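Below is one structure; the comments refer to it alone.
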Amino acid sequence: NAGVTQTPKFQVLKTGQSMTLQCAQDMNHNSMYWYRQDPGMGLRLIYYSASEGTTDKGEVPNGYNVSRLNKREFSLRLESAAPSQTSVYFCASSGDRALSYEQYFGPGTRLTVT
Amino acid sequence: QKEVEQDPGPLSVPEGAIVSLNCTYSNSAFQYFMWYRQYSRKGPELLMYTYSSGNKEDGRFTAQVDKSSKYISLFIRDSQPSDSATYLCALKRSGGSYIPTFGRGTSLIVHP
């Protein structure tokens, strides 16, 4: 099992450019999440998806959109990148939400917006 | 005031020391208490998990929850350079939102 995979690993964008971060999990998990991690700020939830076909905003959703393509895949899109979106982005997944306490994280995408 | 407070450190200790990492929280609805370890340039991984109050031990690691004080701790005995990482506490309610609330993480450096 690969667990949670993310592509790309690194990306540099210019202000105003768009891009999509891809995430996939092979654990048959219902729930998937997108976080950003900045120095001193910890993990902040951007969007999450409780199940295929549903998405909800987290703590810092502005400037982002998401798509839960199927049970395996959850993508994060930056429509018009801004320097404030320079961060490390982590995708995570977890099992049945009533019972699950563990989140499984991907390796992260390091994004720089100039 | 944030729901979960965690000192970011860094905490620097010599090899073999006993390390104490802590989080405080304000919401008594939290029932699940987790510790994640994150190595540099990697994603977090679950290290320990405790439900409600009490202690849980796993090798050199002990997780402790004091719900009356709203205080959780992770102790590392005989610390090793390989323990150098950022440790994040994560707390989850038993009902309602199933999304965990993370602390900011404490950076630990164990030097030989």
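From first to last, the protein sequence lines stand for chains G and S. Once you know that position 93 of the first sequence is 312 in the working numbering, the rest is easy, because the numbers rise by one and skip nothing. Once you know that position 13 of the second sequence is 16 in the working numbering, the rest is easy, because the numbers rise by one and skip nothing. Heads up, the beta-carbon is just placed ideally off N, CA and C, and yes, glycines get one too. Note that this is a predicted model, so its numbers are computed, not measured.
For residue i, which residues in chain G fall below 8 Å Cβ to Cβ?
i       : result
S/Leu91 : Gly261, Leu262
Applying the criterion that 16 or more other CB atoms from any shown protein chain within 10 Å of the CB defines a buried residue, is residue i buried or exposed?
i        : result
S/His114 : exposed
S/Lys95  : buried
S/Tyr42  : exposed
S/Thr109 : buried
S/Ser82  : buried
S/Asp69  : exposed
S/Ile21  : exposed
S/Thr89  : buried
S/Thr53  : buried
G/Ala221 : exposed
Once you ignore the five residues that flank residue i on each side, which residues in its own chain have a CB closer than 6 Å to its CB?
i        : result
G/Ser268 : Met251, Thr274, Arg287, Phe293
G/Gly314 : His248
S/Leu105 : According to the sequence as given, residue 105 of chain S is Phe; it is not Leu. Excluding residues within five positions, the ones whose Cβ falls inside 6 Å are Leu91, Ala93.
G/Val307 : Gln256, Gly327, Arg329
S/Gln67  : Asn58, Ser76
Residue i versus chain G: which residues are under 9 Å apart at the beta carbon?
i       : result
S/Lys45 : Phe324, Pro326, Gly327
S/Gly57 : Within chain G, no residue comes near S/Gly57; the closest Cβ sits about 15 Å away, beyond 9 Å.
Taking Cβ-Cβ distances shorter than 9 Å, what residues in chain S pair up with residue i?
i        : result
G/Glu292 : Here the premise fails: no neighbours, minimum Cβ distance about 17 Å.
G/Phe309 : Gly46, Pro47
Run through chain S and tell me which residues come within less than 8 Å of residue i, C-beta to C-beta.
i        : result
G/Glu321 : Met37, Leu49, Tyr52
Would you mind telling me which residues of chain S sit closer than 7 Å to residue i, beta carbon to beta carbon, in chain order?
i        : result
G/Tyr267 : Ile102
Can you tell me where the beta strand (DSSP E) with residue i in it begins and where it stops?
i        : result
G/Ala311 : 306-313
G/Gly235 : Where G/Gly235 is concerned, there is no enclosing beta strand (DSSP E), given that its DSSP letter is neither H nor E.
Considering only residues of the same chain and omitting the five flanking positions on each side of residue i, which have a CB-CB separation below 7 Å?
i       : result
S/Arg63 : Ile79, Arg80, Asp81
Mind listing the chain G neighbours of residue i? Cutoff is C-beta to C-beta under 7 Å, in chain order.
i        : result
S/Phe105 : Gly261, Leu262
S/Gly108 : Gly261
Just to confirm, is the Cβ distance from residue i to residue j under 8 Å?
i        : j        : result
G/Arg291 : G/Ala243 : yes
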